[in-house]
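Line order of the protein sequences matches chains A, B and C.
First residue of the first sequence? That's 1 in this note's numbering, and the numbers climb one at a time after it.
First residue of the second sequence? That's 289 in this note's numbering, and the numbers climb one at a time after it.
First residue of the third sequence? That's 510 in this note's numbering, and the numbers climb one at a time after it.
Here is the structure we will look at.
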Amino acid sequence: MSIVDERSAPADQPEEPTNRPDATHRLREWLARPYVRPILTMFVVFCLLVIPIGWLVVFFMNMSGAPASDVMSEIEKTILVFTIVSAPLMAITLTIIVYSLVGWGRVTGDEPPMQESPAIRSNATGTYLWIGATSLLAAFLVIWGLLALANITASSYGSIPSNQQPNAAKAIDINVTGQQWVWTFEYPDQGKISSDVLVVPIDTPIYFNVTSVDVIHSFWVVELGVKIDANPGAITNTGVTPNKLGTFNIRCAELCGMHHAYMETQIQVVTQDQFDSWVREMGGKRTV
Amino acid sequence: MSELTTNAQALVPRSATTGEPVTTTARRNRLGIWMCIVSDATGTLALLVAYAYLWSLNVNDAWAPPKDTWADPLPFWLIWVGAVVAALAMWWAVAGIRAGRTSQFITGSILASVVALVTFIGQIVQLSTFPFDITDGAYASTTFWLCIATALHLSVVGFLTSAMIGRFRAGRITREDHSHARFVAMWMTWVCVAVFLGAFFATTMNASPNTNSPTFGTFQE
Amino acid sequence: MTITAVIHEQQAVPQPKQHGKPGGLLRHTNIVTGVVLGLILAVVTYVIGGLLVPWGTENSNFLQVGESALVAATYTAWVIGFMIGIGAFAGPIRWWLGHDLTHADAQYLAGKGQGRGKYWKYTTDHKVVGIQYLVMAMVLLGLGGLLAMLIRTELGVTWAEVFDPNFYNSIIGTHGIVMVIAMIIVVAGPLGNFIMPLMIGARDMAFPRLNALSFWLLFAAVPPLASNLLLGGIRDGWTVYQPLGTQAPVGMVGYQICIITFAFSTGIAGVNLITTIVTMRARGMTWNRVPIFVIGILSAAIMGLVWFPMYQYSQVLALSDFAFGSAFFIPQNGGSVWLYENLFWLLGHPEVYVIVIPATAALMELMVVFLRKPLFSYKIAIAGFAGVVGISSLVWVHHMYMTGWSPAAGYPFMLSTELISIPFGFLVLVMLGTIWRGKVWTRLPMMCVYAMIWNKIVGGITGVYLSDVPVDQYMHGGMFVVAHFHFMLMGAGLFGAMGAIAYWFPKMTGRMLNERIGSIGFWVSFFAFQLTFGSMFVAGLQGQPRRVLQFDNAFDVSNWLSTIGAYAIGIGMLIFLYAVITSWRSNVIAPANPWGAKTLEWQTATPVPLENFPVLPVVTSDPYGYGVPDPYLTIEKQLTDEDQDAMVGAR
């Protein structure tokens, strides 16, 4: 007889009984503990707080204007999703903090308390639950983020030059130059007209080439969700398709010296006809 | 105290300040030296990254020095050979003190010091005879700084190797307790690697692979 | 006949030749000789250099190249002169000559029999260095806090410019870097030096003289930074992005010299901490018995040691651009702005964890004492620290999503950045798990634990927002980012440090902290902090860019609230400071172990004697042996026993 046979139990004998009750029993016992139900209730209540908070987040973001492009809508949706997904994590933390201060008892006084707490050195279920839940949340957010990034890259033309785009004929190229402390917009296809206010037609893909002639600036079209640094010595690209008429903010989002705060201008999203007449006024050619 | 214990204690040399066996303090110091090397390696990496990154970008077509006057590769490699010879001399000296051959140790240390000094002077000469100035574009700046880093490394090596002579004369380096000599040799080995990497970058990566960088402040490539 | 000395249990240790009186040259050096020599050398360099510099050369921004070089030389002379004057070079020269320290020398250098004078000297005792770091951190926090008040004043006064825009930009830059330096040292400096060696049962750090060196280098680094405001300031935020930095006046050199010197200080401290922790633990203190605070310090030291040279070199190269006209970051001459950003953030991000991790670990260490409960899942905590250290070096590009440097890099770095939230979550789990079912002893340090967990979870979750490229496309460069990192660095780092200092205060100063006043200060600061940075989140969501001094009226309300909160934080911090200072001077004498803690530092006398322990301790278990058996588990066991009986009966 080999050693292995000696060690393994004969197949016909029943498994050795353990002291550990089955999972349902343990869950029921756990739920019956006095602190569990209050904690679960608090957890649910705190989770529900996400509704007003999420509403507030969207409210604040829209205070200066609702999204005026698909990119910005995508960004706003992502922020809302992140708020909702992170709510359980906030809630469980807040619950344990609050319950610890009111529920499990407190000791005061100058001397170290004589009464000690239960010596819980580890808890496999709790640990696995936490790691599993946080990993799942993180995985969900990563996947959401990657998809959203691919999405906005596609709708902002990302780093693909406009002349390689399928609908290149319609797109408008705009050269954006940052300079202490003004933005200059040049329309190379409209007879090289240049302006310090950005005027673009609605529902037309706009393609930005961005550079700077002195220090780093950051070209930020707030309500359209466009942001890209204007780097001296390099050209960066981004794009957007505005889908709402109106006047929106352009700000500089990178400290660029004395008048950084005032390096603001506006973008006017107008109809195609208005845009054409604006181009004529500026002395440029009509849109091709 | 019996004579026996006194003898036994004499066999294990102890640190004069903490009373621990010198083998303990030597292990501790060796870890410290390794940490210094790690930290210095990151600094060297920063310089190499700067070199390679600016080389690959060729911003504003200003990587190359005026009229493409690249530095002569030979001095870089001569300096590297100097560093290697000094390190080998130091290791030879360490082998000597290990075996109790004190004259080999002193010869090796002196040789290492002299070679390190000559190499350091060579580095200074190279720095002062480049065909470009530090302001002449990115290649000039990065090459200057790689050589300045080498000069700093070599000056530290010069200090350490020359100290070996004085320390030996003061009786601080013995067959039983020669860890400091080994640390100096360890440091010199790392310096050889750092000098090699600098020389390799500066001599092999000259003309930038990027020939259509945008002109500064315009949209023309 | 060889001279011997008695060192603890060693009877006769042969000594090298004693040169002069014990201590040698260092008997005559102190902070006064350091400052005097530093100033003399600086003035001499400035005068002689002024005669030698070829004046008239201008760089691309019409600044005098010669002037920058001269100022750089002057600052360098100050640092070197100070270090000579304080006696830092005595060590290397003695080593070079072979005049090694005797036991008597070492004892003198450690401050034996020098009273309070040792705090003003090149003293090697880790406890002295710890106190020096503590005072330095408080001074820097005070300076940074004052500047923060000025910033909030400007932003609260929405109807006018209070400061000149250039001066305002200098304030935000100086506030940023002063606070970053203060936060890097505030836990790892005082507690890493004073408490950590006690905690692992060592007599001193591995390299006592390097310990003194690291502190005095920090001391020498501060005047150049502080003086930048007098020399035109650093007008570029604490990141000092190039090439904007090259437009600044010569105050910029002060920043650069400060960072280069401070990086040496951090590197030396890192070498020292790592070596001490790895090689000097007491007998029996195996890696699974090491207190978690020590692991936290080790993690921070590793990150600082490995990545700080990147930042240091970014400033060396920037100084070279600024003073010698080289071309690293000047695009006209072939430099790249992205190179600077990469080098900067390669340290810049790990540095956030260098700040947060020691504070987190310190609070883990103390919360077990106030809950009388073992640390929950020590191994998960270790895994958390290891994970953060490992991934921290792979996330720096998330600061550069919007630079256009490499749009495709957004994908992998979004992944790595959100990945780091998992080990970071481990740390939260450990803290929550330790709180779970604990009967809490409500003392001030424990209140800091609650505050810190809350701030850390807010900071962590908003960090996950910012790690996402699409969200960052809206938030980057805005107030949301500012609020996020203040929650992380101040909310988690500073409130954590306050808890840690309150906890170890009795051991460090020998007196109890006045918790009544301290708590008032703490709670005022905490709630004011929520108001300040909560409304800053709102400003960020509304779209306010950071580092502006004027803005749309839409942001007025949130900025007013923020400013009110900031003043209240200032008041709270002053109250806390008052509690610290008065308690230090005259509160009741602390017993050796006021908290009933089990780590080694509480087992030795207070005040701690020169070499910490009369006999080195031997460790037989980890320091978390608190608590009683879990009553529910006992019930469960009984229940199952009964069940089995019932089963047997049924059968």
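Glycine included, C-beta positions come from ideal geometry on N, C-alpha and C.
Model, not experiment: these values are computed from the prediction.
| field | Pick from A:Ala253, A:His260, A:His259 and A:Ile267 that is closest to A:Leu245, judged by C-alpha positions | value | A:Ile267
| Which one of C:Ser915, C:Met714, C:Ala578 and C:Ala1001 has the shortest CA to CA distance from C:Met940? | C:Ala1001
| task | For A:Asp273, count neighbouring Cβ atoms within 10 angstroms of its own Cβ and tell me buried if that reaches 16, exposed if not. | result | exposed
| Partners in chain A for C:Tyr1012, counting only beta-carbon separations shorter than 7 Å | By Cβ distance, chain A contributes nothing, its closest Cβ being about 13 Å from C:Tyr1012, past 7 Å.
| task | Could you tell me how far apart the beta carbons of C:Trp632 and C:Gly620 are, in whole angstroms, since I believe they sit closer than 8 Å? | result | It should be noted that the sequence gives Thr, not Trp, for residue 632 of chain C. Between C:Gly620 and C:Thr632 the Cβ distance is about 4 Å, and since that is below 8 Å, they are a contact.
| query | Cα separation between C:Gln765 and A:Asn231? | reply | 23 Å
| Check whether B:Thr503 and B:Val472 have beta carbons under 9 Å apart | no
| query | Which of helix, strand or coil does DSSP assign to A:Ser2? | reply | Here A:Ser2 scores only 41 on pLDDT, less than 50, and its place in the model is too uncertain to base an answer on.
| Closer than 7 Å at the beta carbon, the chain A residues around B:Phe420 | Result: empty, since nearest Cβ-Cβ is about 20 Å, beyond 7 Å.
| query | Where do the ends of the beta strand (DSSP E) carrying C:Arg744 lie? | reply | From DSSP, C:Arg744 is part of no beta strand (DSSP E); its letter is neither H nor E.
| task | Count the CB pairs spanning the stretch 1107-1116 of chain C and the stretch 1054-1062 of chain C that are closer than 8 Å, and state whether there are at least three. | result | no
| query | Below 9 Å between beta carbons: does that hold for C:Met819 and B:Ala334? | reply | yes
| message | Is C:Asn797 close to chain B? Criterion is C-beta to C-beta, closer than 9 Å. | response | no
| So, C:Ala778 versus C:Ala1006, is the Cβ gap smaller than 9 Å? | no
| message | If the criterion is Cβ atoms closer than 9 Å, does the pair A:Ile79 and A:Pro67 meet it? | response | no
| is_contact[C:Ile864, chain B] using C-beta, thresh 9 Å | no
| task | Express the C-alpha separation of C:Phe885 and A:Ser122 in angstroms, rounding to a whole number. | result | 6 Å
| task | Return no unless some Cβ of chain B is closer than 9 Å to the Cβ of C:Asn781. | result | yes
| said: I'd like to know whether the C-beta of C:Met909 is nearer than 9 Å to at least one C-beta of chain B. | reply: no
| said: Which residue wins for smallest C-alpha separation from B:Phe408, given the options B:Thr431, B:Thr438 and B:Ile385? | reply: B:Thr438
| field | Sequence-distant residues of the same chain with beta carbon closer than 6 Å to B:Gln392, five excluded per side | value | Gly384
| task | Give, in chain order, every unbroken run of the beta strand (DSSP E) that is at least 3 residues long and sits entirely within the stretch 92-119 of chain A. | result | none
| C:Gly857 to C:Asp634 span [Cα, whole Å] | 31 Å
| Would you report the Cα separation of C:Leu1205 and C:Pro674, rounded to the nearest angstrom? | Because chain C here runs from 510 to 1160, residue 1205 of chain C falls outside it and cannot be looked at.
| field | Local conformation of C:Pro531 per DSSP, three classes | value | coil
| request: Could you check the C-alpha separation between A:Lys227 and C:Gln982 for me, to the nearest Å? | output: 6 Å
| query | What distance in whole Å lies between the Cβ atoms of A:Ala253 and C:His985, which are believed to be in contact at a cut-off of 8 Å? | reply | 6 Å
| Counting only beta-carbon atoms, is B:Thr492 nearer than 9 Å to chain A? | no
| query | Along the stretch 1063-1094 of chain C, what residues have a CB closer than 7 Å to any CB found in chain A? | reply | Ala1063
| task | Return the bridge partner residues of A:Leu198 from the DSSP annotation. | result | A:Ile267
| message | Alpha carbons only, please: which of C:Tyr584, C:Gly665 and C:Arg603 is nearest the one belonging to C:Asp1065? | response | C:Gly665
| request: Rounded to whole angstroms, what's the CA-CA distance from C:Ala514 to C:Ile743? Just pull it up for me. | output: 54 Å
| query | How is A:Glu300 classed by DSSP in three states: helix, strand or coil? | reply | One cannot answer for residue 300 of chain A here, as it falls past the ends of chain A, which runs 1 to 288.
| task | Mind listing the chain A neighbours of C:Ser845? Cutoff is C-beta to C-beta under 8 Å, in chain order. | result | Gly233 and Ala234
| query | Does B:Ser501 come within less than 9 Å of chain A when only Cβ atoms are used? | reply | yes
| Which one of A:Thr24, A:Thr95 and A:Val36 has the shortest CA to CA distance from C:Tyr959? | A:Thr95
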